[in-house]
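Numbering (this note's numbering), first residue to last: 1276 to 1380. Scroll down for the structure; my scribbles are underneath it.
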């Protein structure tokens, strides 16, 4: 069996070389994606906790601050100028707008 050579390296050697170079890069990118997910989830949980803890005091500064953060925390993602929002995030924002309209009446 004759194997393909390029720069005196066989295909399996090229595969090992590419895996060696790309492995750490892809691992760092995966870790960044996991960390981004964790941060976004932690923000949402903190916001929910604040709203639930201060729901009895509707004019408490922490409650008002948490209500004002809803638009920011559930904004969604913007990648390459394209704005994306999940249906759950959209439902939360719709409910927030409805609640805000009710408060203003």
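Positions of the beta carbon are idealized from the N, C-alpha and C atoms, including for glycine.
Listed in chain order, the alpha helix (DSSP H) runs fully inside the region 1290-1363 are 1336-1348, counting runs of at least 4 residues.
One alpha carbon belongs to residue 1340, the other to residue 1359, and they sit about 25 Å apart. The alpha-carbon of residue 1352 is positioned some 35 Å away from that of residue 1290. Remark: C-beta atoms of residue 1348 and residue 1322 approach each other more closely than 8 Å.
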